[in-house]
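Per our numbering: the sequence shown = residues 965 to 1355. Backbone N, C-alpha and C fix where the C-beta goes; we use that ideal spot for every residue, glycine too. What follows is a short report on a single structure.
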Amino acid sequence: MRRNSICCLVFSVALIAAFFTGQAQVPDNENFYVTHGPYLQNAGTTGVTVVWTTNRPAIPGVKVTAPDGSSFFVRNSTDGIVNGGSLVHKVRIDGLDPGSKYKYSISSVQVLKYQAYRVYYGDTLNRKAEDFTTYPFKKDNISFLVVNDIHDNAAKLSSCLRNGFPLEKDLVFFNGDMVDFLQDPEQLFKGFIDSAVYYFASAKPFYYVRGNHETRGYLARELKGYFDYPGDRFYYSFDYGTVHFTVLDCGEDKPDNNRYYYGLADYDSYRSEQLRWLKEEVESENWRKARFRIVFIHMPVIREEKQGYGMKYLSENFGPLLDKAGADLMISAHTHRNAFLEKGKSGFSYPVIVNSNNTFLEVFAGEDDIMAALRDVNGKQISEYVVKARK
Ligand SMILES: [Fe+2]
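Now the structure itself:
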């Protein structure tokens, strides 16, 4: 059992509230079933989080089978109470061995009635087993895909994924603006999660970098409930193979007092808090010792004459820090135009690849260099960029 964060608890309470108020929306004669997923999140050398949803409230669990055939069953709990009773299910699995192939199958026990002194259970759904491999401690060559600015166009995403062969890659990044705004959970599923599950996400995790559009609409407040982030933050770092990945959250593009935010934006203080974290991050041993340091951020951190408020803030505050700390490559999105800004031309000592809304990146990182192929939605290569390792 594992304790989740306070945010998860708040989210669970909200969903339990939805359970009591929203049940009538499901017709009585509808069977109990899994509506979306499972998809993997927050993976590492010893753990992974499995997420899925059901059409009726349930108690979730996951059966894990190790390479030697032994198996165990995982349920999570928060403050002594087993997680469950909602429609969205997140189960964290820890204590796995690095670089090992496991099987997992999700289990959902329907909750018919949840009372103080009596809980009535309905059907139990056990789904077929899926494969998942924990990250290895060491790997000389890795590969990953990058897609961004899909703006709910699941057909376009499907085309990128069909031609990007995500199951053959180590990682997949969705670099922001995957949806236009967030008002209803179905936007997340129809917009991109269902396509991701169809092509790879039950077997490989994806990293969902927050773009400025993911901050818009009421559901933006509950975004973390559908995913799992290291440290429960949208900015974090992790290591895989020869690369230290630093993922940043650009925030909104306009000043906090813009009238379209209706007094609900507080990105200046959020970005300063993130900057404090970034100062510690670039001093960390993992950053300093990494063969390559790749920074993911939805809005590019570059120097340009005319910049909107958000990009200017990033350029003035995040740029010099990453420059001095020796970032090797930044991978960005947002502008809907492809660009490769070499060292210096970005205004900083690191090169920046900006992927458009009509292309995807296939990246290979080894010991000596990083090679990024820019491909159109049909998989046709448009250009290729190479970043050599620091001397
Ligand atoms: Fe954007």
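{"Item": "Measure the C-alpha to C-alpha separation of valine 1073 and arginine 1056 and round it to an integer number of angstroms.", "Value": "17 Å"}
{"Item": "Taking the continuous beta strand (DSSP E) assigned at glutamate 1326, which residues delimit it?", "Value": "1323 to 1329"}
{"Item": "Can you name the residues that DSSP bridges to isoleucine 1258?", "Value": "Phe1209 and Leu1293"}
{"Item": "Does the distance from the CB of glycine 1283 to the CB of valine 1259 come in under 7 Å?", "Value": "no"}
{"Item": "Taking the alpha-carbon positions, what's the valine 1015 to glutamate 1269 distance?", "Value": "43 Å"}
{"Item": "Am I right that glutamate 1331 and aspartate 1104 are in contact with their C-beta atoms under 8 Å? What's the rounded C-beta distance?", "Value": "6 Å"}
{"Item": "Note down the Cα distance separating threonine 1029 from lysine 1168, rounded to an integer number of angstroms.", "Value": "17 Å"}
{"Item": "Would serine 1122 pass as a contact of serine 1159 if the rule is Cβ separation under 7 Å?", "Value": "yes"}
{"Item": "Which two residues bound the contiguous alpha helix (DSSP H) that contains glutamate 1094?", "Value": "It is not in any alpha helix (DSSP H) - glutamate 1094 instead sits in the beta strand (DSSP E) that spans 1094 to 1097."}
{"Item": "Could you tell me which whole beta strand (DSSP E) segments of length 3 or greater appear in the segment 1134 to 1211?", "Value": "1135 to 1138, 1170 to 1172, 1200 to 1204 and 1207 to 1211"}
{"Item": "Is the beta carbon of isoleucine 1070 sitting closer than 7 Å to the one on glycine 1048?", "Value": "no"}
{"Item": "By how many angstroms is the C-alpha of glutamate 1326 removed from the C-alpha of alanine 1119?", "Value": "19 Å"}
{"Item": "Would the beta-carbon of glycine 1189 fall within 7 Å of that of leucine 1146?", "Value": "no"}
{"Item": "Quick check on the contact list: which residues have their beta carbon closer than 5 Å to a heavy atom of ligand 1?", "Value": "Asp1141, Gly1175, Asn1176 and His1298"}
{"Item": "For the alpha helix (DSSP H) holding glycine 1128, just list the boundary residues, first then last.", "Value": "1118 to 1128"}
{"Item": "Using only alpha-carbon positions, find the residue among Tyr997, Gly1274, Asp1203 and Asn1250 that is nearest to tyrosine 1231.", "Value": "Gly1274"}
{"Item": "Taking buried to mean at least 16 other C-beta atoms within 10 Å of its own C-beta, is alanine 988 buried or exposed?", "Value": "Interpretation of alanine 988 is limited by its pLDDT of 46, a score under 50 that renders its predicted location unreliable; the figure taken from the coordinates is listed afterwards. Flag for alanine 988 reads exposed."}
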